[in-house]
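Some notes on the structure that comes next.
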Amino acid sequence: MKIASVTVDVPTMQTDRAFDYSIPEPWQGKILPGMRVIVPFGPRKVQGFVMGIKETSEAKKLKNLVQPMDLTPVLNEDLLHMADWLTEQTLCFKISALQVMLPAAMKAKYEKKIILNPAKREVLAEEAAALFINKEEVSWKEAEEAGLLPLLQKEIKAGHLDVFYSVKSKGRKKTVQKFYRAVSKEKLQEEIESLPANADKQKAVLQFFISAENDGVTSKEAADAAGASSATIKALADKGLLMKKQEEIYRNPFAHKNFKKTSPLPLTEEQEKAITPILKTIEEKKHETFLLYGVTGSGKTEVYLQSIQEVYEQGKEAIVLVPEISLTPQMVDRFKGRFGNDVAVLHSGLSAGEKYDEWRKIQRKEVKVVVGARSAIFAPFENLGIIIIDEEHETSYKQEENPRYHARDAAIYRAKQYNCPVILGSATPSLETFARAQKGVFKLLTLSKRMNSGRLPSVSIVDMREELRGGNRSMFSEELFEKLQDRLQKGEQTVLFLNRRGHSSFIMCRDCGYVAQCPQCDISLTYHRFSNSMKCHYCGYETGVPQTCPECDSEHIRYFGTGTQKVEEELAKLLPEARVIRMDVDTTSRKGAHERLLESFGEGHADILLGTQMIAKGLDFPNITLVGVLSADTMLHLPDFRSAEKTFQLLTQVSGRAGRHKLPGEVVIQTYTPEHYSIELAGTQNYDTFYQKEMMMRKMGSYPPFYYLSLITISHEDLLKVVGAAEKITKFLQAKLSPQSIVLGPAASPIPRINNRYRYQCLIKYKREPELPSILKTILEHSQQQKASEGLTISIDVNPYMMM
DNA sequence: CGAGGCACGTGT
DNA sequence: CACGTGCCTCGC
Numbered sequence: 000m001k002i003a004s005v006t007v008d009v010p011t012m013q014t015d016r017a018f019d020y021s022i023p024e025p026w027q028g029k030i031l032p033g034m035r036v037i038v039p040f041g042p043r044k045v046q047g048f049v050m051g052i053k054e055t056s057e058a059k060k061l062k063n064l065v066q067p068m069d070l071t072p073v074l075n076e077d078l079l080h081m082a083d084w085l086t087e088q089t090l091c092f093k094i095s096a097l098q099v100m101l102p103a104a105m106k107a108k109y110e111k112k113i114i115l116n117p118a119k120r121e122v123l124a125e126e127a128a129a130l131f132i133n134k135e136e137v138s139w140k141e142a143e144e145a146g147l148l149p150l151l152q153k154e155i156k157a158g159h160l161d162v163f164y165s166v167k168s169k170g171r172k173k174t175v176q177k178f179y180r181a182v183s184k185e186k187l188q189e190e191i192e193s194l195p196a197n198a199d200k201q202k203a204v205l206q207f208f209i210s211a212e213n214d215g216v217t218s219k220e221a222a223d224a225a226g227a228s229s230a231t232i233k234a235l236a237d238k239g240l241l242m243k244k245q246e247e248i249y250r251n252p253f254a255h256k257n258f259k260k261t262s263p264l265p266l267t268e269e270q271e272k273a274i275t276p277i278l279k280t281i282e283e284k285k286h287e288t289f290l291l292y293g294v295t296g297s298g299k300t301e302v303y304l305q306s307i308q309e310v311y312e313q314g315k316e317a318i319v320l321v322p323e324i325s326l327t328p329q330m331v332d333r334f335k336g337r338f339g340n341d342v343a344v345l346h347s348g349l350s351a352g353e354k355y356d357e358w359r360k361i362q363r364k365e366v367k368v369v370v371g372a373r374s375a376i377f378a379p380f381e382n383l384g385i386i387i388i389d390e391e392h393e394t395s396y397k398q399e400e401n402p403r404y405h406a407r408d409a410a411i412y413r414a415k416q417y418n419c420p421v422i423l424g425s426a427t428p429s430l431e432t433f434a435r436a437q438k439g440v441f442k443l444l445t446l447s448k449r450m451n452s453g454r455l456p457s458v459s460i461v462d463m464r465e466e467l468r469g470g471n472r473s474m475f476s477e478e479l480f481e482k483l484q485d486r487l488q489k490g491e492q493t494v495l496f497l498n499r500r501g502h503s504s505f506i507m508c509r510d511c512g513y514v515a516q517c518p519q520c521d522i523s524l525t526y527h528r529f530s531n532s533m534k535c536h537y538c539g540y541e542t543g544v545p546q547t548c549p550e551c552d553s554e555h556i557r558y559f560g561t562g563t564q565k566v567e568e569e570l571a572k573l574l575p576e577a578r579v580i581r582m583d584v585d586t587t588s589r590k591g592a593h594e595r596l597l598e599s600f601g602e603g604h605a606d607i608l609l610g611t612q613m614i615a616k617g618l619d620f621p622n623i624t625l626v627g628v629l630s631a632d633t634m635l636h637l638p639d640f641r642s643a644e645k646t647f648q649l650l651t652q653v654s655g656r657a658g659r660h661k662l663p664g665e666v667v668i669q670t671y672t673p674e675h676y677s678i679e680l681a682g683t684q685n686y687d688t689f690y691q692k693e694m695m696m697r698k699m700g701s702y703p704p705f706y707y708l709s710l711i712t713i714s715h716e717d718l719l720k721v722v723g724a725a726e727k728i729t730k731f732l733q734a735k736l737s738p739q740s741i742v743l744g745p746a747a748s749p750i751p752r753i754n755n756r757y758r759y760q761c762l763i764k765y766k767r768e769p770e771l772p773s774i775l776k777t778i779l780e781h782s783q784q785q786k787a788s789e790g791l792t793i794s795i796d797v798n799p800y801m802m803m
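Okay, here's the thing in structure tokens:
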């Protein structure tokens, strides 16, 4: 056992395989699969993952691996298998699959340095020597910026300098210095007595260390307790009476919070009925996927908690996935409240270091439950007992970069590895999931009643075209405005929801219809009030706001697309007495801002909560009795076959925020297309009818769940080259695929140009196409050669969610 | 991805 | 024929 087979951190097609390295003597037997190692690769050093250990190698000459980066494997065997599966499923590089499973802090940090050979300091050219005054190494970048590279290169050749490559992990473990008694308590007592009379500070500190239950305190803690300063502590340490030790600690993002311990609630009859088959599966150690289909407020979370309880009592672990956007403090509280310190939380609000720490808690088996966003599905547990995906229909479970995986598929794969159940929970399941439940692939569990005897809110749909005809040009319909006033009087709370996805704010000339466009992408520029500029969301292009129309010189420039700020202003005009909290990217970008705003609203410091998607989920306050949706149809017109489904889901979610407790709730949905079935049916909260109707539409369009999709996007600076390549690919596919499959395109992408690159796409619809992965791989391999020679980029998304 | 090699071009 | 610029190939 002395050869390690290693996947290197070089994401290209040619290096997407294992490379063999011999393991030098001191590491033999200590290098294990799943460890990160540093290996020489070509002239430099890179990070790699040990995939396996073997005796022999095909390779002619082996290099030694430099050293391991970990003491124990960071990926267990099951995760290594999962990486193979991910690679196959999403057609990504093995290295990308491995990296996505680890916190970003564990990615490699590369540094290239120039080291001085000390014996040669004297013979260096003057300019080069200037760089090495008082030091023996200079970063490559520094040398480059000084414009000294050609000179230094000569010196390197002459052997006066050396190039050195270093590989480090980005993340740092946080440590703290703690002080301990260096001698016995008795000795300390003696010391106190022998100290001069005026040294009362030192005496107090020593007294503290004598009486302290367990020593091992930070300098600040000791100083505060004894009323001394850190200098005193240091003096005592220098005398050899105290000793200091550097200890590793976890960053604790929840340090300031106390979690109220909760115990299992009595289940309703419905919940009882739903949980029974889950518990049975856990007991029998079988894999099964459940769809927990429960209306908003029906108590799905309690079913999750009690299912986890069962797993927990068996000594097994649980993963709970939650959409990033609803990983709110309220949600975290519920899990921490039940399972206390046995819960790790992974979400984007944490710093890289905090995420790393939470991850290490999991790896060291210090926690049993992980609550996190998409990538938490890769939590390094080894004895998984259950996986839960809340809000199963959320599109954020699909990763939009490589590896383009869907957490739902990953969850099912992992659950099969451990013979444990998956619970998919939603009030508005994705069509794919519900169809599978109907077919019996998933087991359907239903919760049809609200807890707290809350009734579903009554919903009224307002036709904004009528309002306009009636002379109301404001963004509030008469009905919504009256209800707003009413709540204000009663002291009840309102949530106003602004759906901005699709349309963002843009500016348009009212005389000639000119809309500011990005010069590099075929998309309108978005108006950013904060910086008073126009920005492109795709390439980052930024320009000033035109005062007059560049086309016709008109001064009638109008700002379109109601942003939250604009609504806020209008509210201030119409209802000056109302206290409004606005939640959008601007007000929540600071760490913890999201939490503070919600808390403040929950405590009744405001009458109206105004926001974008981020307030659609999870929000659960008893005093909310009115929900207003200002423009329900903005995303209905996106070029996406899921737009009706997304609209229905969003409206249903938002409506579910009202009347969750004693007070009955009302919902007002404003729209320009009240006749659309997704809006009409969201109004009556009728998922089943929506499902039927939408399934018909999908069947007619040959879309999922009737067909699978794969999307190929081709991009290049030259439009002709793109079209040419896209046509070739389409022809190739048509020739290779079975006649039952449909190949659409090539057609320009919905955003035909991004960053000066034209984009064409080709969509494959298929029911059964076992050869497709290998066909797609061929296309990718072929494109690799083209990429070098022509600069073509081809990306493939299996089961895409974004058609852009 | 990033280095070193090599096939060209320019300038002498 | 020395040296610079850009493309191609290779990496255990």
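Once you know that position 479 of the first sequence is 478 in numbering that gives the first Met the number 0, the rest is easy, because the numbers rise by one and skip nothing.
Using N, Cα and C, we set each Cβ at its ideal position, and we do this for glycine too.
Secondary structure at V9: coil, using DSSP grouped into helix, strand and coil. By a beta-carbon distance limit of 8 Å, T563 contacts L497. Their separation comes to about 6 Å. Between Y355 and G170, the CB-CB gap stays under 7 Å. Residue environment: E568 is assigned as exposed (fewer than 16 neighbouring CB atoms within 10 Å of its CB, all protein chains considered). The stretch 698-718 makes no contact with the stretch 417-426: fewer than 3 CB pairs, one atom from each, lie closer than 8 Å. If you check the CB distance, L609 and V566 come in under 7 Å. Selection I741, I774, P769 and T712 evaluated against I763 yields I741 as nearest (Cα-Cα). R435 has its alpha-carbon roughly 28 Å from the corresponding atom of M330.
Under DSSP, T792 forms a beta bridge with S714. Sequence-distant Cβ neighbours of S459 in its own chain, meaning closer than 8 Å and more than five residues away, are E478, E665, V666, V667, I668 and G682. Counting other Cβ atoms within 10 Å of its Cβ, L791 reaches 16 or more and is therefore classed as buried. Rounded to the nearest whole angstrom, the C-alpha separation of E283 and Q313 is 12 Å. For the set K243, V302, K256 and L241, the Cα lying nearest the Cα of E268 is the one of V302.
Going by beta carbons, I37 and K44 fall inside the 7 Å limit. Between Y164 and K111, the CB-CB gap stays under 7 Å.
Around the beta carbon of L467, a 10 Å sphere encloses fewer than 16 other beta carbons of the protein chains shown; the residue is thus reported as exposed.
When rounded, the separation of the alpha-carbon atoms in E674 and C517 is 34 Å.
If you keep only unbroken beta strand (DSSP E) runs of at least 3 residues inside the stretch 123-177, you get 136-138 and 160-168.
For I713, the closest C-alpha among the options Y759, F689 and M694 is that of Y759. Taking the Cα of P263 as reference, the smallest distance to any Cα among R333, E247 and L240 is reached at R333.
Separation of D69 and G33 (C-alpha to C-alpha, rounded to the nearest whole angstrom) is 10 Å. With contacts defined by Cβ atoms closer than 7 Å, A107 and V65 do not form a contacting pair.
In the assembly as shown, C511 is an exposed residue. Its beta-carbon has fewer than 16 other beta-carbons within 10 Å. In the displayed model, T445 falls within a strand according to three-state DSSP. Where V579 is concerned, the enclosing beta strand (DSSP E) starts and stops at V579 to M582. Setting aside the 5 residues that flank it on each side, G298 is surrounded in the same chain by Q270 and M450, each with a C-beta closer than 6 Å to its C-beta; the list follows chain order.
Residue burial annotation: T493 is buried, with at least 16 other C-beta atoms found within 10 angstroms of its C-beta. When Cβ pairs closer than 8 Å are counted between the two stretches, the stretch 334-348 is seen to touch the stretch 365-373, the count reaching three or more. S476 is the residue among S530, P456 and S476 whose C-alpha sits nearest the C-alpha of M463. Contact between the stretch 136-153 and the stretch 81-90 is absent: fewer than 3 CB-CB pairs across the two stretches fall below 8 Å. The residues F258, K259, K260 and T261, in chain order, have a CB closer than 8 Å to that of G336 in the same chain once the five nearest residues on each side in sequence are set aside. DSSP places Q760 in the uninterrupted beta strand (DSSP E) bounded by R756 to Y765. Between the stretch 94-107 and the stretch 72-82 there are three or more inter-stretch CB-CB distances shorter than 8 Å, so the stretches are counted as touching. Nearest neighbour of R557 by Cα position, chosen from Y249, F253, A3 and M507, turns out to be M507. Rounded to the nearest whole angstrom, the C-alpha separation of D552 and K534 is 21 Å. Cβ-Cβ distances below 6 Å link L130 to V137 in the same chain, with the five nearest sequence neighbours on each side left out; the list follows chain order.
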